[in-house]
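So for the sequence shown, this note's numbering puts the first residue at 0; every next one is plus one. For each residue, glycine too, the CB sits at the ideal point set by N, CA and C. The structure presented is a predicted model; accordingly, all values stated were derived computationally and were not measured. A short write-up of the structure that comes next.
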Amino acid sequence: MAQTKRRELPTKLRRVKRLTARERWLAVLDRFSKSIETPKSERIWAPALETASRSRILAIQQEKLRAMVPYLYEESPFYRERFRASKLTPADIRSVADLPKFPVMTKDAMAADVAENRPWGTYTPVSDKVWRERGWMVFSTSGTTAIPRSFRYTQTDARLWAITSARALYAMGVRAGDTALTCTNYNPHVFFWSLHYAFNLMKVAVVPGGVPTERRLAMIDLYRPTILAATPSYALHLAGAMRRAGIDPRASSIRMIICGGEAASGIPSTRRRIEDAWDSEMHDVYGCTEAVPGGWAYTCHEGLASSPVSTHVQEDLQIWELVDPETMEPVAPGERGLTVVTNLNSEGSPQLRFLVGDFTSFDTSRCVCGRTFARAVGGFSGRADDMLNIRGLKLFPSVIEEIVRGIESLDDEFQIVLETDGVLDAFTIVAETRVHLDDGARTEVSRRLEAEVIRKCELRPQIRIEPPGTLPRTEFKARRVIDRRHTL
Numbered sequence: 000m001a002q003t004k005r006r007e008l009p010t011k012l013r014r015v016k017r018l019t020a021r022e023r024w025l026a027v028l029d030r031f032s033k034s035i036e037t038p039k040s041e042r043i044w045a046p047a048l049e050t051a052s053r054s055r056i057l058a059i060q061q062e063k064l065r066a067m068v069p070y071l072y073e074e075s076p077f078y079r080e081r082f083r084a085s086k087l088t089p090a091d092i093r094s095v096a097d098l099p100k101f102p103v104m105t106k107d108a109m110a111a112d113v114a115e116n117r118p119w120g121t122y123t124p125v126s127d128k129v130w131r132e133r134g135w136m137v138f139s140t141s142g143t144t145a146i147p148r149s150f151r152y153t154q155t156d157a158r159l160w161a162i163t164s165a166r167a168l169y170a171m172g173v174r175a176g177d178t179a180l181t182c183t184n185y186n187p188h189v190f191f192w193s194l195h196y197a198f199n200l201m202k203v204a205v206v207p208g209g210v211p212t213e214r215r216l217a218m219i220d221l222y223r224p225t226i227l228a229a230t231p232s233y234a235l236h237l238a239g240a241m242r243r244a245g246i247d248p249r250a251s252s253i254r255m256i257i258c259g260g261e262a263a264s265g266i267p268s269t270r271r272r273i274e275d276a277w278d279s280e281m282h283d284v285y286g287c288t289e290a291v292p293g294g295w296a297y298t299c300h301e302g303l304a305s306s307p308v309s310t311h312v313q314e315d316l317q318i319w320e321l322v323d324p325e326t327m328e329p330v331a332p333g334e335r336g337l338t339v340v341t342n343l344n345s346e347g348s349p350q351l352r353f354l355v356g357d358f359t360s361f362d363t364s365r366c367v368c369g370r371t372f373a374r375a376v377g378g379f380s381g382r383a384d385d386m387l388n389i390r391g392l393k394l395f396p397s398v399i400e401e402i403v404r405g406i407e408s409l410d411d412e413f414q415i416v417l418e419t420d421g422v423l424d425a426f427t428i429v430a431e432t433r434v435h436l437d438d439g440a441r442t443e444v445s446r447r448l449e450a451e452v453i454r455k456c457e458l459r460p461q462i463r464i465e466p467p468g469t470l471p472r473t474e475f476k477a478r479r480v481i482d483r484r485h486t487l
C-alpha cells in the first residue's frame with residue numbers, strides 16, 4: 000500500500016499547473032491592488048501602503064521586483080538582449096540594491112528598437128495574442144525628435160491606472176461629488192486618460208472638454224464644475240479668455256486646478272499666477288508615457304504649503320532612483336540627480352531603470368500629511384532633455400518662465416529663440432504684455448526683463464516685447480524654445 004502511494008505521488012505533482020512568468024506577475028499586481036479599490040480612511044486612500052514604514056516599502060518593492068524581472072526577461076526581447084549583453088540573469092536582480100548592475104534604459108535605445116521592429120518595438124511584453132485578448136489602449140510619444148514609441152496597455156493597466164491615480168487625486172482633496180472639466184481633445188495622452196478613469200472610480204462626474212475655448216467657458220457657466228484639469232499654460236489661457244469675455248474666473252465654481260504635461264508647482268511664479276487667476280489651489284502630477292503613465296507622482300495639500308514645494312512619488316508602485324547625468328551612477332542620498340524609474344505597476348510597460356531624466360533630490364522623511372513616500376524637493380522643473388547650452392552656459396527654460404511670470408505687466412506666454420549670429424549664439428526672449436503699453440512703459444519692461452535674466456542666468460539676452468495676443472496658445476504642451484541654430 001505504501002509503495003502504491005509513493006508511485007502515485009509524482010503523478011499528482013505533475014497535475015499541478017506551473018504558472019508562467021506573466022501569470023505570476025499578474026497575481027502579484029492583483030494582490031496589491033484588489034484591496035484598495037475604494038478609500039480606507041477620510042484622509043488617505045490606502046493607509047497600509049501610503050503610511051508604511053520605510054522597511055515595509057522596501058519589502059513591497061523587492062517582492063514586486065522579483066516577479067516583474069522574470070516577466071520582462073521572458074516576454075520582452077529588448078530586455079532579454081540587454082540582460083545577456085550585461086552577462087546577467089533575472090536571478091541577479093532580486094533587490095533594490097541589485098538595480099545598478101543593470102544599465103539605464105534610454106528613449107534613444109527604445110527608438111532604435113522601434114526602427115528595427117516596427118511598429119511596436121520589442122521593449123514592451125505585450126504580444127499580438129495578448130493584445131487581441133486583453134488590449135485596452137495605445138499610447139505613444141509625440142515623435143517630434145525621434146521615431147514615435149508606442150505602448151500597448153491592457154485591461155489590467157486600465158484598472159491599475161484608475162486605482163493608483165485615484166490615490167493621488169484623493170491626496171489632493173478630490174472627493175466623490177466633485178465634477179471635473181477636463182480640457183483636452185482626448186488625444187492619446189496618458190495624463191488625461193488616467194485622470195478620466197480615476198475620476199470614474201471615485202464617482203467624480205466628468206465633463207469632457209474636447210471643444211473650443213469659447214465652448215469651455217459656457218461649460219463652466221452651465222455645468223459648474225469644481226475641478227479643472229489642464230496643462231498649466233492652458234489653465235492660464237482659459238482664465239484670460241474668461242476675463243476677455245467679461246467673466247471673472249475667481250468667481251467661478253472651480254475650487255481646484257489639476258495640471259499635467261508641463262512643470263507647474265515647482266515654478267513658484269507659474270503656480271502663483273494660476274492660483275491667483277482662479278482663486279483656487281493648484282496641484283500637479285508628474286509621470287511619463289513609458290514608465291509612470293498612471294499612479295503618478297503628485298502634490299498633496301501639505302506639500303504645497305512647504306517651502307520649497309514637495310511632490311510625493313508612489314514608492315510601492317515604482318522604484319525611484321537618482322543618477323549622475325554624466326556617469327549614470329546613483330548619487331548619494333539627498334543629492335540632486337536625474338530621475339530613473341522602474342515601473343512596478345503595469346502589465347503593458349513595466350520598464351526596468353528607465354531614464355525619465357528630470358533633476359531633483361528626494362526627502363524620505365514623513366510628510367506632514369502622514370504619508371511616508373519619498374518627496375521630490377522643489378518638484379520636477381528641469382528635464383535634462385530640455386537643458387539649453389547657450390554660449391557655453393547651461394540654462395533650463397523653466398528659469399526663464401519663473402522670471403517672465405514674476406513680472407506682473409507681462410502676460411503668461413513667452414518664447415526663447417536661439418539663432419546663430421556669426422560664431423555666437425543669439426539668445427532672444429519674446430514676451431507679450433497683458434495690456435497695450437506706450438513706448439516708454441514697453442522700454443521699462445524690456446529693461447527689467449533683461450536685468451533679471453542677466454542677474455539669474457549670467458547671460459545677456461535680446462528682448463522683444465510684443466502686444467497682447469501675439470504668441471500662439473495651445474491646450475497641450477506649449478512650444479517655448481525655437482532653436483534655429485542647427486538649421487542655418
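Determine the closest residue to residue 126 out of 150, 284, 30 and 64, with distance taken between C-alpha atoms.
150
> What's the call for residue 132, buried or exposed, on a 16-neighbour Cβ count within 10 Å?
Replying inline: exposed
Checklist line | Classification of residue 168 by the beta-carbon crowding that lies within 10 angstroms, buried from 16 upward | finding: Buried: at least 16 other Cβ atoms inside 10 Å.
**Item:** Collapsed DSSP secondary structure at residue 385 in the structure displayed
**Value:** helix
| said: Threshold first: 3 residues or longer. Then list the beta strand (DSSP E) segments lying entirely within the stretch 146 to 209, N to C. | reply: 149 to 153, 178 to 181 and 204 to 207
| field | Reference residue 185, options 436, 228 and 111, closest by Cα | value | 228
#### Entry: Those residues which DSSP pairs with residue 311 across a bridge
297 and 374
Integer Cβ distance of residue 160 from residue 139, believed to fall under 8 angstroms: Contact doesn't hold; Cβ gap of about 16 angstroms is too wide.
| said: Just to confirm, is the Cβ distance from residue 103 to residue 339 under 9 angstroms? | reply: With a cutoff of 9 angstroms on beta-carbon distance, residue 103 and residue 339 are scored as near each other.
| Taking one C-beta from the stretch 250 to 269 and one from the stretch 204 to 218 each time, how about it: are there three or more such pairs within less than 8 angstroms? | no
- Query: Considering only residues of the stretch 388 to 437, which uninterrupted beta strand (DSSP E) runs meet the minimum length of 3 residues and lie entirely inside it, listed in chain order?
  - Reply: 392 to 394, 409 to 420 and 423 to 432
Reduced DSSP secondary structure (H/G/I, E/B, other) of residue 353
strand
Within 10 angstroms of its Cβ, does residue 85 collect 16 or more other Cβ (buried), or is it exposed? exposed
Exercise. Residue 67 and residue 371: beta carbons closer than 9 angstroms?
Worked result: For residue 67 and residue 371, no; Cβs fall outside 9 angstroms.
Can you list, in chain order, the residues of its chain whose CB lies under 8 angstroms from that of residue 97, leaving out five sequence neighbours each side?
91
Next on the checklist: Check this for me: beta carbons of residue 415 and residue 429, under 9 angstroms apart or not?
Outcome noted: yes
**Prompt:** With residue 411 and residue 200 assumed to form a contact (beta carbons below 8 angstroms), what rounded beta-carbon distance in angstroms separates them?
**Reply:** 33 angstroms between Cβ atoms; not a contact.
TODO: Would you list the residues sitting across from residue 319 in a DSSP beta bridge?
DONE: 340
Problem - Given 8 angstroms, three or more beta-carbon pairs between the stretch 101 to 121 and the stretch 346 to 361 - result: yes
Taking DSSP's pairing of strands, which residues face residue 282 in a bridge?
257
Could you check if residue 309 is buried or exposed, using at least 16 other CB atoms within 10 Å of its CB as the buried criterion?
-> So residue 309 ends up on the buried side.
>> Using a 10 Å radius around the Cβ and a threshold of 16 neighbouring Cβ atoms, would you call residue 344 buried or exposed?
In response: buried
- Item | Beta-ladder partner(s) of residue 136, from DSSP | 152
Contact set for residue 165: own chain, Cβ-Cβ below 6 angstroms, skip 5 residues either direction
197, 200 and 201.
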